[in-house]
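Have a look at the structure below before the remarks.
In the working numbering, the protein residues as written are 35 to 492.
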């Protein structure tokens with residue numbers, strides 16, 4: 035009976051503690067079989083009238099249970115409880131060994147063995163009960179600890195939420211302050227740039243006026259010289275000089291006349307440049323005027339080109355023009371649109387010069403030839419202007435910011451970052467048009483201006 039009670043309750047304790055039916059279904063089936071085995075052994079006790087080998091079956095069964103518990107990790111939490119059964123198993127095995135090997139000794143101390151077995155059996159359940167009680171105490175302590183941890187976790191989460199909320203507020207305040215500082219810096223830079231541009235405009239106007247006077251002198255006297263050459267040639271014809279001398283003198287006069295005509299041509303060109311400088315330095319009146327767009331674009335294209343050539347004598351580029359002759363004059367703000375052309379051409383020449391420098395340093399210049407092209411067309415009451423180059427192009431992240439104020443890809447001191455921003459404002463707000471860009475990194479860039487055409491009043 036002792037054997038049955040110990041094995042039956044041990045198996046039941048294992049199944050209940052580990053919830054084997056849910057967590058370990060395969061082991062649960064084996065434990066159920068073990069329970070039926072213990073019931074079968076109990077039945078054999080009454081049916082077979084307790085044969086000598088009966089106790090050895092129980093001993094083997096209990097030892098097998100111990101081997102299973104101590105040999106598998108899933109039962110490691112139950113090993114302390116299982117250790118309480120070891121004294122009972124040991125005494126039972128010792129008793130059966132003495133009974134089989136030393137019958138006289140066993141007969142003499144049979145009552146002692148019975149008391150020891152009973153004491154070990156009682157001790158099993160006492161220790162088992164005490165261990166179970168301790169487990170309940172530990173379980174309660176664990177539950178209390180879990181509740182405390184939950185309270186602490188809730189307080190921690192609440193504190194973290196408050197901290198994160200406050201951090202978010204501080205971050206917003208910081209971002210607002212940074213934005214305000216950036217706006218102040220931007221305003222300061224704009225004021226500085228405006229002051230520089232105003233000073234530059236005054237300086238340009240002064241220089242242009244100073245140049246204008248001697249330039250007028252050159253132009254006027256070159257024209258007079260051409261007329262004098264013509265008069266001299268007429269007087270030679272009237273003279274009685276030999277024909278050979280007349281031809282020689284006429285040849286010299288022709289050369290002088292051609293030289294004077296060239297001086298006149300380039301003097302007028304310089305005069306138009308000076309007038310352009312004066313017009314560019316003058317503040318915009320805000321009133322649109324009839325302007326020859328082709329001539330305006332061509333003038334600023336050459337101004338930008340020679341401006342870069344003045345800095346780098348070795349720089350050369352092909353200037354390609356594809357003007358629509360049917361455009362005629364269009365009502366625009368000439369000073370403002372001139373600034374747009376100057377900015378676009380300056381950037382285009384810088385891009386092709388930079389690409390040439392990069393290719394030259396890499397030793398892959400090959401047959402690369404810098405080229406800047408201007409195309410104009412009038413269609414469907416709109417003016418289309420394209421300024422393209424075969425320079426460095428722009429990656430997407432630069433293209434996305436290209437019209438932002440103070441954004442520049444040029445080295446410090448070579449660009450203010452205001453040119454394209456100002457150009458965008460002039461085209462969109464000043465003329466109700468569109469300014470966009472199409473680019474392929476490393477290959478080309480094309481700025482496209484689209485402006486509604488307002489026909490000048492007759």
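Built from N, CA and C at the ideal position, the CB exists for glycine as well.
When the five nearest sequence neighbours on each side are left out, the beta carbons in the same chain lying within less than 7 Å of the beta carbon of residue 432 are those of 443, in order along the chain.
In the pairwise beta carbon analysis, the segment 326-338 is classified as touching the segment 374-383: at least three pairs are separated by under 8 Å. Less than 7 Å divides the Cβ of residue 385 from the Cβ of residue 425. Non-local C-beta neighbours of residue 402 in its own chain, meaning closer than 7 Å and more than five positions away in sequence, comprise 390 and 393, ordered along the chain. Ranked by Cα distance from residue 323, the options 362, 347 and 344 are led by 362. With a contact defined as Cβ atoms closer than 8 Å, residue 483 and residue 419 qualify at about 4 Å.
Residue burial is scored here from C-beta neighbours: residue 214 has fewer than 16 other C-beta atoms within 10 angstroms and is therefore classed as exposed.
Two segments are said to touch when three or more pairs of C-beta atoms, one from each, lie closer than 8 Å; by this definition the segment 147-156 does not touch the segment 55-72. Here residue 361 carries a coil assignment [DSSP, helix/strand/coil]. Counting along the chain, the unbroken alpha helix (DSSP H) around residue 343 starts and ends at 327-345. Boundaries of the beta strand (DSSP E) harbouring residue 353: 352-356, taken from the DSSP string. A residue is called buried when at least 16 other Cβ atoms come within 10 angstroms of its Cβ; residue 387 meets this threshold and is buried.
Each residue's CA atom was taken as its position, placing residue 457 and residue 427 some 19 Å apart.
In this structure, residue 121 sits near residue 154, with a CB-CB distance shorter than 7 Å.
The DSSP-derived three-state label of residue 435 is coil. Beta-bridge partners assigned by DSSP to residue 486: 416.
Excluding sequence positions up to five before and after residue 253, its CB lies within less than 7 Å of the CB of 298, 301, 302 and 305, all in the same chain and listed in chain order. Our two residues, residue 251 and residue 259, have alpha carbons roughly 12 Å apart in a direct line. Between residue 158 and residue 40, the beta carbon gap of about 6 Å places them in contact (Cβ cut-off 8 Å). Residue range 468-474 is occupied by the beta strand (DSSP E) that includes residue 469. Annotation for residue 348: no alpha helix (DSSP H) segment contains it, and DSSP assigns it neither H nor E. Here DSSP, grouped into helix, strand and coil, assigns residue 174 to helix. A residue is called buried once 16 or more other Cβ atoms fall within 10 Å of its Cβ, and residue 423 is buried on that count. Within a 10 Å sphere around the beta-carbon of residue 352 sit fewer than 16 other beta-carbons, which makes this residue exposed.
Taking all protein chains shown into account, residue 130 has 16 or more neighbouring C-beta atoms within 10 Å of its C-beta and is therefore buried. Nearest Cα to residue 354 within the set 382, 365, 348 and 364: 382.
One thing to note: residue 485 has its Cβ no nearer than 7 Å to the Cβ of residue 464. Cβ-Cβ separation between residue 366 and residue 325: approximately 5 Å, consistent with a contact (criterion under 8 Å). Rounded to the nearest whole angstrom, the CA to CA distance from residue 208 to residue 202 is 10 Å. Where residue 392 is concerned, the enclosing alpha helix (DSSP H) starts and stops at 368-396. Taking C-alpha positions only, residue 369 is separated from residue 332 by approximately 14 Å. Excluding its 5 nearest sequence neighbours in each direction, residue 109 has C-beta neighbours in its own chain below 6 Å: 103, listed in chain order. Per the coordinates, the alpha-carbon of residue 190 lies some 40 Å from the alpha-carbon of residue 162.
Here the alpha carbons of residue 459 and residue 219 stand approximately 20 Å from one another. The straight-line gap separating the alpha-carbon atoms of residue 205 and residue 198 is approximately 10 Å.
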